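**Student:** Heads up: the sequence shown runs through residues 2 to 368, numbered per our numbering.
Every residue, glycine too, gets a C-beta built ideally from N, C-alpha and C.
Note that the structure is a prediction, hence the values are computed from the model and not measured.
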Amino acid sequence: MAINFIDLQAQYRAYKEEIDREILEVCESAQFIGGPKIAQLEKSLAEYTDAAHAIACSSGTDALLLALMALEIKPGDEVITTPFTFIATAEVIAFLGAKSVFVDIEEKSYNIDSHKIEAAITERTKAIIPVSLYGQCADMDAINAIAAKHGLSVIEDACQSFGASYKGKKSCNLSTIGCTSFFPSKPLGCYGDGGAIFTNDDALAQKMRMLLNHGQNARYKHRYIGINGRLDAIQAAVLNVKLKHFDDELALRQKIAARYDDGLFTCNNVTTPYVKADRDSVYAQYSIRVQDRDNVAAALSARGIPTAVHYPMALHLQEAFAPLGYKAGDFPISEKISEEIMSLPMSPFLSHEDQEQIIAALKALHA
Ligand SMILES: Cc1ncc(COP(=O)(O)O)c(C=O)c1O
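(1) With a threshold of 8 Å on Cβ separation, who are the neighbours of A99 within its own chain once the five nearest residues in sequence on each side are excluded?
(2) To which residues of the same chain is T90 closer than 7 Å at the C-beta, ignoring the five residues directly before and after it?
(3) When you get a sec, list the residues whose CB is within less than 6 Å of any heavy atom of ligand 1, chain order please.
(4) Determine contact between the segment 330-348 and the segment 232-240, defined as no fewer than three beta-carbon pairs at a distance below 8 Å.
(5) Let me make sure I understand the geometry here. Which of A139, R125, Y167, Y135 has the alpha-carbon closest to that of H151?
(6) Ordered along the chain, which non-local residues of its own chain (more than five positions away) have a Cβ less than 7 Å from that of F350?
(7) Out of M2, T272, L46, which has the shortest C-alpha to C-alpha gap to N174?
(8) By a C-beta neighbour count over all protein chains shown, 10 Å radius and 16 as the cutoff for buried, is Q292 buried or exposed?
(9) So, are the CB atoms of A285 and Y135 less than 7 Å apart?
(10) Less than 6 Å between C-beta atoms, sequence neighbours within five positions excluded: which residues of the same chain meet that for A148?
(11) Return the residue from the list S115, K187, C138 that minimises the CA-CA distance to F6.
(12) I'd like the list of long-range same chain contacts for D262, defined as Cβ closer than 8 Å, with 5 residues on each side in sequence excluded.
(13) Got a sec? Which residues, its chain only, sit under 8 Å from D63 by beta carbon, not counting five neighbours each side?
(14) Going by DSSP, which residues form a beta bridge with C58?
(15) Relative to the alpha-carbon of I306, which residue among E354, C28, Y221 has its alpha-carbon at the smallest distance?
(16) Please return the same chain residues whose Cβ sits closer than 7 Å to the Cβ of F96, not counting the five positions on each side in sequence.
(17) Let me check understanding here. Comparing Cα to Cα, which of A57, Y192, T123 lies closest to D21?
(18) Should C181 be labelled buried (16 or more other beta-carbon atoms within 10 Å of its own) or exposed?
(19) Are the beta-carbon atoms of P84 and H317 separated by less than 7 Å?
(20) Could you give the first and the last residue of the continuous alpha helix (DSSP H) run that contains T50?
(21) If the criterion is Cβ atoms closer than 7 Å, does the pair C268 and K364 meet it?
(22) Name the DSSP bridge partner or partners of D233?
(23) What residue range is occupied by the uninterrupted alpha helix (DSSP H) comprising E340?
(24) Going by alpha carbons, who is nearest to L205 out of F184, I178, G216?
(25) Measure the alpha-carbon distance for L24 versus V242 and round it to whole angstroms.
(26) When you compare each of M2, S302, Y16 to D249 by their alpha carbons, which one comes out closest?
(27) Run the CB neighbour count on C160, radius 10 Å, all protein chains shown included, and call it buried at 16 or more, exposed below.
(28) Determine the DSSP secondary structure at Y261, reduced to helix, strand or coil.
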């Protein structure tokens, strides 16, 4: 039988009774928007991250958009971010008419290189969006220090890192605003689209709550131009169940990652993930680097082992960002990693046997 890249069906089977009951409760109450499931989720998320405010919203993309809207990012403003990320990170900057200023990544962690940020700051810079890629936080202390020095806001794109720890604190609660995604395949995923925004700033929290509900400050009173960025109650119901099991799942993810690390350590042509000593990773992806990626992927696929590429093209080379005027060679590390990176099957429900099969297949290819 083919191996699943992420086994969401096994996860559903494991919590089926609880999830079905919670979803039925929403249906029976008919409180599909807002209500107690959302309130419970926001309380649990705030407790989990120790953030003063956790605000459920419609997706990770909308979380990032709402954060930028709350910070009043507008045309002419510049926002510094990494070109080695999912498009949503920079898409929301462009959506508001602002300009993404890319800064290359570190070769080992694949996160933005904090040493290169200051050189990219201009008088138009308003914010920095570090991405905690694959589930490992960027160098948030260094980034926050640069931001404080220049009067900038920091939005952590924590869409892949909910649950990760950084120097004893939780991802999502490491900067001005943290944004996460509950897309089904994320470490904490719902059954559709979903996301959340985190902050310790009361005024920003209040503003983001209004912005995600059409800028309303009272029923049919609109203080801002906002969006419909609400999470629905069925998604909250699913997340409330999954959050209870989340730490157990994280422990399994980390155990599986350690097993990959051990198994692939001696494998020629494979570079395993590098996680810095003062933080951990939730392994939203377990991504290795290989030289001849297409052949490796094809050989694994022939053995029933799926792989994926996160991400095959750095953002500065995407057609949609042509107006930014970047060219090949501008961010050499991002370009190099995007040619070599490959994600292996990863989920808390990946069986020991399946994982052994994956490791053996890679070893056979690169003995
Ligand atoms: C780094 C990053 N940013 C933003 C997003 C957007 O999240 P969503 O798909 O929930 O809109 C994702 C998820 O795909 C992501 O991985």
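**Tutor:** Taking the geometry as given:
(1) For the purposes of this step, residue 99 is taken as residue 98 along the sequence shown, with counting starting at 1. Same-chain partners within the cutoff: L69, I74, K75, P76, G77, D78, E79, V80, K127.
(2) Translated into positions along the sequence shown, residue 90 becomes position 89. Around T90: L65, T82, I130, V132, D158.
(3) S60, G61, T62, T86, F87, A89, T90, V132, D158, C160, Q161, S182, F184, D194, G196
(4) no
(5) As a working mapping, residue 151 is identified with position 150 in the sequence shown. For H151, the nearest C-alpha among the options comes from R125.
(6) The sequence position of residue 350 within the sequence shown is 349, counting from 1. Here the set comprises D8, A11, Q12.
(7) In the sequence shown, counting from the first residue as 1, residue 174 sits at position 173. Taking only the C-alpha atoms, the option nearest N174 is L46.
(8) In the sequence shown, the residue the question calls residue 292 occupies position 291. Flag for Q292 reads exposed.
(9) In the sequence shown, residue 285 corresponds to position 284, counting from 1. In the sequence shown, residue 135 corresponds to position 134, counting from 1. Yes.
(10) Along the sequence shown, one-based indexing puts residue 148 at 147. Once the five neighbours on either side are set aside, the close Cβ partners of A148 are I129, V155.
(11) Along the sequence shown, read from residue 1 onward, the residue named residue 6 stands at position 5. Residue K187 is the option with its Cα nearest to F6.
(12) As a position in the sequence shown, residue 262 is number 261, starting the count at 1. Excluding residues within five positions, the ones whose Cβ falls inside 8 Å are T273, P274.
(13) Position 62 of the sequence shown holds residue 63. Cβ neighbours of D63 beyond the five flanking positions: G196, L213, I228, G230.
(14) By one-based count along the sequence shown, residue 58 stands at place 57. DSSP, once it has assigned bridges, lists G196 as partnering C58.
(15) Here residue 306 corresponds to residue number 305 of the sequence shown, with the count starting at 1. Residue E354 is the option with its Cα nearest to I306.
(16) Along the sequence shown, read from residue 1 onward, the residue named residue 96 stands at position 95. Within the same chain, F96 has close Cβ partners L66.
(17) Stepping through the sequence shown from its first residue, residue 21 is reached at position 20. D21 has its Cα closest to that of Y192, out of A57, Y192, T123.
(18) Along the sequence shown, one-based indexing puts residue 181 at 180. Reading the sequence as shown, one finds Thr at residue 181 and not Cys. Per the 10 Å Cβ criterion, buried.
(19) For the purposes of this step, residue 84 is taken as the residue at position 83 of the sequence shown. For the purposes of this step, residue 317 is taken as the residue at position 316 of the sequence shown. Their beta carbons are under 7 Å apart, which means P84 touches H317 by this criterion.
(20) Position 49 of the sequence shown, counted from the start, is the residue given in the question as residue 50. Unbroken alpha helix (DSSP H) run through T50: 37-50.
(21) As a first step, residue 268 is located in the sequence shown; it is residue number 267 there, counting from the start. As a first step, residue 364 is located in the sequence shown; it is residue number 363 there, counting from the start. Yes.
(22) Counting from 1 along the sequence shown, the entry for residue 233 is found at position 232. DSSP output for D233 lists I34 as bridge partner(s).
(23) Position 339 of the sequence shown, counted from the start, is the residue given in the question as residue 340. Start and end: 333-341.
(24) Position 204 of the sequence shown, counted from the start, is the residue given in the question as residue 205. Among F184, I178, G216, the Cα nearest to that of L205 is on I178.
(25) Position 23 of the sequence shown, counted from the start, is the residue given in the question as residue 24. Position 241 of the sequence shown, counted from the start, is the residue given in the question as residue 242. In the sequence as presented, Leu is not what sits at residue 24; that position holds Ile. Near 10 Å, if we compare the C-alpha coordinates of V242 and I24.
(26) As a first step, residue 249 must be located in the sequence shown, where it is residue number 248. It is Y16.
(27) Along the sequence shown, read from residue 1 onward, the residue named residue 160 stands at position 159. By the neighbour-count rule (16 or more Cβ atoms within 10 Å), C160 is buried.
(28) Taking the first residue of the sequence shown as position 1, residue 261 is located at position 260. If DSSP states are grouped into helix, strand and coil, Y261 belongs with the helices.
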